[in-house]
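Encoded as structure tokens, the structure appears first; notes follow it.
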Amino acid sequence: EGSGKTTQINFLKDFFKEKSIKAVFTKEPGSSKIGGEIRSILLNKNLDLSPYAELFLIFADRSQHVEEIIKPKLSADFLVVSDRYIDSTFAYQGEGRSIGHEEISKIIKKMNFPLPDKTFLLDLPVSEGLKRAKKRAEFDRFESEEIAFHEKVRNAYLKIYEENKNRIIKIDAMKSSKKIFDEIKKNIEIEWFKRKN
Numbered sequence: 019e020g021s022g023k024t025t026q027i028n029f030l031k032d033f034f035k036e037k038s039i040k041a042v043f044t045k046e047p048g049s050s051k052i053g054g055e056i057r058s059i060l061l062n063k064n065l066d067l068s069p070y071a072e073l074f075l076i077f078a079d080r081s082q083h084v085e086e087i088i089k090p091k092l093s094a095d096f097l098v099v100s101d102r103y104i105d106s107t108f109a110y111q112g113e114g115r116s117i118g119h120e121e122i123s124k125i126i127k128k129m130n131f132p133l134p135d136k137t138f139l140l141d142l143p144v145s146e147g148l149k150r151a152k153k154r155a156e157f158d159r160f161e162s163e164e165i166a167f168h169e170k171v172r173n174a175y176l177k178i179y180e181e182n183k184n185r186i187i188k189i190d191a192m193k194s195s196k197k198i199f200d201e202i203k204k205n206i207e208i209e210w211f212k213r214k215n
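Under the numbering used here, the first residue of the sequence shown carries the number 19, and numbering increases by one thereafter.
Listed below in structure tokens is the structure:
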């Protein structure tokens, strides 16, 4: 939370437009019409969802997201940039809600979701992230969780990074937004060059 994803996505939109790169920007939860309805449930801090109710709502949103947006855009040779995706489920529901990595892996494998080519992990201390998030708006259901929950989520992301360094680029989100974007842009340009050659 509060790592600056929205700022970086806005920078990327301008960058892709400047380079005439076909790209679509999505988010989880909530990119599809159905996903928007699911998002309103997931973020409503007045609702007490069980861990599995939350998990299956996440998967319902992702299934619609993949079939309605991601697969068609990939088929049309677009770059797809998603604000949160599969790794978030392992971190938030797998670790934060203590459902476990293996159980979530089985569902993901069965649903055959496309895997990302590159993932950017904007990492910063939990206390700093929540302080930034609080300045933005009132906390949602996830942001309202105890510090211990957020620490579990962050540690899960760091573990996922250690196990997937070929795919995940970890960036210190305490850096300035410009320095963060320079790192993202450099890695995207390398990936784009590979795809074109």
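No residue lacks a Cβ here, since even glycine has one placed at the ideal position from N, Cα and C.
Less than 7 Å between the beta carbons of residue 22 and residue 151, yes or no?
Not in contact: residue 22 and residue 151 (Cβ atoms no closer than 7 Å).
Going by DSSP, what residues sit across from residue 97 in a beta bridge?
In the DSSP output, where bridge partners are listed per residue, residue 97 has 41.
State buried or exposed for residue 47, treating a residue as buried only when at least 16 other CB atoms are found within 10 Å of its CB.
Burial call: buried.
Determine the burial state of residue 30: buried for a count of at least 16 other Cβ atoms within 10 Å of its Cβ, exposed for fewer.
Buried.
CA-CA distance, residue 127 and residue 84?
Straight-line Cα distance between these residues: approximately 14 Å.
Using a Cβ-Cβ cutoff of less than 7 Å, which residues in the same chain neighbour residue 50 once the five nearest sequence positions on both sides are dropped?
Around residue 50: 82, 83, 86, 87.
Check this for me: beta carbons of residue 140 and residue 189, under 7 Å apart or not?
Taking 7 Å as the Cβ cut-off, residue 140 and residue 189 qualify as a contacting pair.
Might you give, ordered along the chain, the residues of its own chain that have their beta carbon closer than 8 Å to the beta carbon of residue 122, omitting 5 neighbours on each side?
Closer than 8 Å at the Cβ level, and outside the excluded window around residue 122, lie 73, 107, 108, 111, 112.
Rounded to the nearest angstrom, what separates residue 119 and residue 104 at their Cα positions?
Between residue 119 and residue 104, the C-alpha separation is close to 12 Å.
Taking 7 Å as the cut-off, decide whether the C-beta atoms of residue 131 and residue 42 are in contact.
Not in contact: residue 131 and residue 42 (Cβ atoms no closer than 7 Å).
What are the partner residues of residue 137, as DSSP defines its beta bridges?
186, per the DSSP bridge assignment.
Taking only the alpha-carbon atoms, compute the straight-line gap between residue 199 and residue 186 and give it to the nearest angstrom.
When rounded, the distance between both Cα atoms is 15 Å.
With respect to the alpha helix (DSSP H) encompassing residue 47, which residues constitute its N-terminal and C-terminal limits?
It is not in any alpha helix (DSSP H) - residue 47 carries neither H nor E in the DSSP assignment.
Span of the alpha helix (DSSP H) holding residue 220?
Nothing in the structure corresponds to residue 220, since the chain is present only between 19 and 215.
Have a look at residue 178 and residue 28 and give me their C-alpha separation to the nearest angstrom.
Going by the C-alpha atoms only, they are around 26 Å apart.
Consult DSSP for residue 69 and reduce its assignment to one of helix, strand or coil.
Helix at residue 69.
In terms of residue numbering, what span does the alpha helix (DSSP H) encompassing residue 165 cover?
Looking at the DSSP string, the run of the alpha helix (DSSP H) that includes residue 165 is 165-181.
Of the residues 180, 133, 114, which one's Cα is nearest the Cα of residue 170?
Per the Cα distances, 114.
Which residues in the same chain as residue 89 place their Cβ atom closer than 8 Å to its Cβ, once the five residues preceding and following it in sequence are excluded?
Contacts found: 132.
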